[in-house]
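Inspection log for the structure reproduced underneath, given as structure tokens.
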Amino acid sequence: MANSESPHPAPQNSRDRANRQLIAYMSKTSTGCNSESPDGPRLARAAAELRGVQSQRLRELLPHIAATSRFYARKWAECLDAARAGRLEDLPLTTRGELQQDQADHPPFGSNLTRPVAEYTRFHQTSGSNGVPLRWLDTPESWEWWKRCWAAVYEAAGVTGADRVVFAFSFGPFIGFWSAFESAAALGCLCLPAGGMSTPGRLRYILDNRATVICCTPTYALHLVEAAAAEGIELGAGAVGKIIVAGEPGGSLPAVRQRIERGWNARVYDHAGLTEVGAWGFECSPAPGGMHINEAEFVAEVINPTTGAAAADGDGELVLTNLGRAGSPVVRYRTGDHVRLRSGQCACGRAFVRVEGGVMGRVDDMLIIRGNNVFPSAIESILRSVAGVAEFRIVVTSRGALSELTLEVEPAADADAAAVAHAASATIRNRLHFGAAVRIVAPGSLPRFEMKSRRVVRSTDAEA
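Numbering (numbering that gives the first Met the number 0), first residue to last: 0 to 463.
Set out below in structure tokens:
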């Protein structure tokens, strides 16, 4: 095995041969969607050719993973023939829990490494929102792949080397920030890091430096609009023309997009990615409110989240296999994202499958309220359409076998609180066909989030 921490290391010449094979593999499979990689755009517009290229890359990649990743060698022990033949559909699904357990069993980085640890040059980790962060390593080749995937996001949004891009977040060990920044720099953009600043400071920074593109979460883009209004700043007079958002479903929700675009006088572009998977989704200009999956770099499937079987209608949990991150790959990975996939030629000319309406939410975030299944993103879309709603929080209270919904709503400073409460309650009932209590809270009392927002609070009857 290529992993230097293997308890049964392969002979040196075998490891060297595996490393040479990996380098050869990476040099052969450097397709992307930027101007320096012509295969990506061609594949985006030729569905039949795309499937053939994906199959060829799987036939090269899967045997390599089986031979060099201890994690997958164990996981595929009963189906090695399928892996060696590149038959993706015959391999088991991979879960986040398995990767977390693997890192606990083989600290600190786990055993899903195909090269000696000394050859990895990038370390990042997830936010650990469930209490256990995933640590992830990348080789120089895998990092170039990350930048290439982000280049597809920028290309689809029309970002060029002439743009000035502000990254409105504090840089930490989170991969999306670094990959977005370095990809933009490689594109020739003037990259403006905006970490370690207050919100008013960031606003001045954006305007003073005549930034043309902002990368941030949808929630933070809205918060900047709110802060600008409080400061008497007219954002529409600035140079910002594009806002690339990620980290939450809001980028594809019509009401959220409208608020951001109206406040900034700029176009919103949605994007999606995962630390352990890659930057997989991007929005094109002609078809707002959804995302393409970059099928030049990922194989996408949709499954029933309960049974694990393929979802024939394309509505279910997204499963991804990355094709260019051979140093730390994931194969048939359950993303936990609930999506609705649609195929066919897009108005932009791409044949990549499309996530209709963007990511709907996490499969484990679905709420069941009085027999109705609803994602928090649906509630957000409704509340953002109600005039006078500045911020909100969803409180779900379990009362025995039933759950009740309370919406904590923060009105805008100049809004009539009673009118906002009435409108929010009526709109929820009309759109979702069940009632929800609306509790008005003081302006400025609900938290604002720079990174992923956390707007759902769960409690029991005893805690309520």
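Ideal Cβ positions, reconstructed from N, Cα and C, are used throughout, including at glycine.
Worksheet item: Hey, Phe-170 and Gly-200: beta-carbon distance below 7 angstroms or not?
Response: Between Phe-170 and Gly-200, the C-beta gap is not smaller than 7 angstroms, which leaves the two residues out of contact.
Fill in: Per-residue burial, Thr-67 [other beta carbons within 10 Å of its own, 16 or more giving buried]
Within 10 angstroms of the beta-carbon of Thr-67 lie 16 or more other beta-carbons, which makes it buried.
Discussion item. Judging by CA-CA distance, which residue of Asn-293, His-291, Ala-310 and Thr-306 is the nearest neighbour of Arg-300?
Written reply: Going by the sequence as given, residue 300 is Glu instead of Arg. Between Glu-300 and the set Asn-293, His-291, Ala-310 and Thr-306, the nearest pair of CA atoms involves Ala-310.
Worksheet item: Looking at the structure shown, is His-105 part of a helix, part of a strand, or coil, going by DSSP?
Response: Three-state DSSP puts His-105 in coil, outside helix and strand.
Fill in: Where Ser-284 sits in the DSSP three-state scheme
If DSSP states are grouped into helix, strand and coil, Ser-284 belongs with coil.
Worksheet item: Between the Cα of Ala-150 and the Cα atoms of Gly-280, Asn-371 and Val-437, which residue gives the shortest distance?
Response: Checked all of Gly-280, Asn-371 and Val-437; the closest Cα to Ala-150 is Gly-280.
Discussion item. With distance defined between alpha-carbon atoms, name the residue in His-337, Ala-185, Val-354 and Arg-349 nearest to Asp-364.
Written reply: Residue His-337 is the option with its Cα nearest to Asp-364.
Worksheet item: Which one of Ile-174, Asp-162, Thr-125 and Val-164 has the shortest CA to CA distance from Trp-145?
Response: Comparing alpha-carbon positions, the option among Ile-174, Asp-162, Thr-125 and Val-164 lying closest to Trp-145 turns out to be Ile-174.
Fill in: Ala-238 - DSSP class collapsed to helix/strand/coil
Note: Ala-238 maps to coil in three-state DSSP.
Discussion item. So the candidates are Gln-102, Asn-264, Ala-377 and Gly-272; which of them puts its Cα closest to the Cα of Leu-317?
Written reply: If we check each option's Cα against that of Leu-317, Gly-272 comes out closest.
Worksheet item: Can at least three beta-carbon pairs, one atom from the region 241–261 and one from the region 93–104, be found at a separation below 8 angstroms?
Response: Not touching, per the Cβ criterion.
Practice prompt. Could you name the residues of the same chain whose beta carbon sits closer than 8 angstroms to that of Gly-51, not counting the 5 residues immediately before and after it, in chain order?
Written response: Annotation for Gly-51: no residue places its beta carbon closer than 8 angstroms to its own, counting only its chain and skipping 5 residues before and after.
Worksheet entry | Interface flag, Ala-435 vs chain B, CB-CB below 7 angstroms | Annotation note: the requested chain B is absent from the structure, which comprises a single protein chain.
Item to complete: For His-222, write down the residues that DSSP places opposite it in a beta bridge.
Response: Partner(s): none; His-222 has no beta bridge.
Fill in: Residue from Glu-390, Gly-249 and Thr-113 with nearest C-alpha to Ala-416
Among Glu-390, Gly-249 and Thr-113, the Cα nearest to that of Ala-416 is on Glu-390.
Worksheet item: Which value, in whole angstroms, describes the spacing of the CA atoms of Asp-162 and Gly-250?
Response: The alpha-carbon of Asp-162 is positioned some 21 angstroms away from that of Gly-250.
Worksheet item: Is any heavy atom of the ligand FMN found at a distance shorter than 6 angstroms from the C-beta of Val-419?
Response: As far as ligands go, the structure on display features none, and thus does not contain the ligand FMN.
Worksheet item: In terms of residue numbering, what span does the beta strand (DSSP E) encompassing Pro-192 cover?
Response: Start and end: 189–192.
Item to complete: Output the boundary residues of the beta strand (DSSP E) element that contains Gly-272.
Response: Residue range 266–273 is occupied by the beta strand (DSSP E) that includes Gly-272.
Worksheet item: When DSSP labels each residue in this structure, what does Arg-324 get in the three-state scheme?
Response: If DSSP states are grouped into helix, strand and coil, Arg-324 belongs with coil.
Worksheet entry | Local conformation of Asp-471 per DSSP, three classes | Only positions 0 to 463 of the chain appear in this structure, which leaves residue 471 out of reach.
Worksheet item: Between Ile-232 and Ala-167, which are expected to be in contact by the criterion C-beta below 8 angstroms, what is the C-beta distance as a whole number of angstroms?
Response: That pair is no contact at about 15 angstroms.
Item to complete: Return helix, strand or coil for Leu-340, following the three-state DSSP convention.
Response: Looking at Leu-340 - three-state DSSP - the assignment turns out to be strand.
Discussion item. By the three-class DSSP mapping on this structure, what secondary structure does Val-385 have?
Written reply: Per DSSP, reduced to three states, the secondary structure at Val-385 is coil, with no helix or strand assignment.
Item to complete: Starting from the C-beta of Trp-75, find all residues in its chain whose C-beta is less than 7 angstroms away, skip the five residues before and the five after it, and write them out in chain order.
Response: In its chain, beyond the 5 residues on either side, Ala-65, Ala-82 and Leu-90 have a beta carbon closer than 7 angstroms to the beta carbon of Trp-75.
Fill in: Run of the alpha helix (DSSP H) containing Gly-175, from where it starts to where it stops
Residue range 174–186 is occupied by the alpha helix (DSSP H) that includes Gly-175.
Worksheet item: Beta-carbon separation of Ala-412 and Pro-442 under 7 angstroms?
Response: Ala-412 is a Cβ neighbour of Pro-442, given a cutoff of 7 angstroms.
Worksheet item: Within this structure, are the beta carbons of Gly-157 and Leu-186 separated by less than 7 angstroms?
Response: Going by C-beta atoms, Gly-157 is not nearer than 7 angstroms to Leu-186.
Practice prompt. Return the Cβ separation of Leu-406 and Arg-438 in integer angstroms, given the expectation that the two are a contact with Cβ distance under 8 angstroms.
Written response: Yes, they are in contact, since the Cβ atoms of Leu-406 and Arg-438 sit about 7 angstroms apart, within 8 angstroms.
Discussion item. I'd like to check one pair, Val-255 with Arg-383: are the Cβ atoms closer than 7 angstroms?
Written reply: Arg-383 is a Cβ neighbour of Val-255, given a cutoff of 7 angstroms.
Worksheet entry | Limits of the unbroken alpha helix (DSSP H) element including Glu-48 | Glu-48: member of the alpha helix (DSSP H) spanning 46–67, first to last residue.
Fill in: Supposed contact pair Arg-361 and Thr-93 - C-beta distance, whole angstroms, cut 8 angstroms
The pair is not a contact, with the Cβ atoms about 17 angstroms apart (cut-off 8 angstroms).
Worksheet item: To the nearest whole angstrom, what separates the beta carbons of Ala-325 and His-63, a pair I think is in contact under 8 angstroms?
Response: The C-beta separation of Ala-325 from His-63 comes to about 6 angstroms, placing the pair in contact by the 8 angstroms criterion.
Fill in: For Gly-262, the nearest candidate out of Glu-355, Ser-284 and Ala-236 (CA to CA)
Gly-262 has its Cα closest to that of Ala-236, out of Glu-355, Ser-284 and Ala-236.
Worksheet entry | Alpha carbon of Ala-45 to alpha carbon of Ala-278, nearest angstrom | Going by the C-alpha atoms only, they are around 21 angstroms apart.
Item to complete: With DSSP as the reference, please indicate the residues paired to Thr-405 in a beta bridge.
Response: Partner residues in the beta bridge of Thr-405, as assigned by DSSP, are Val-394 and Ala-436.
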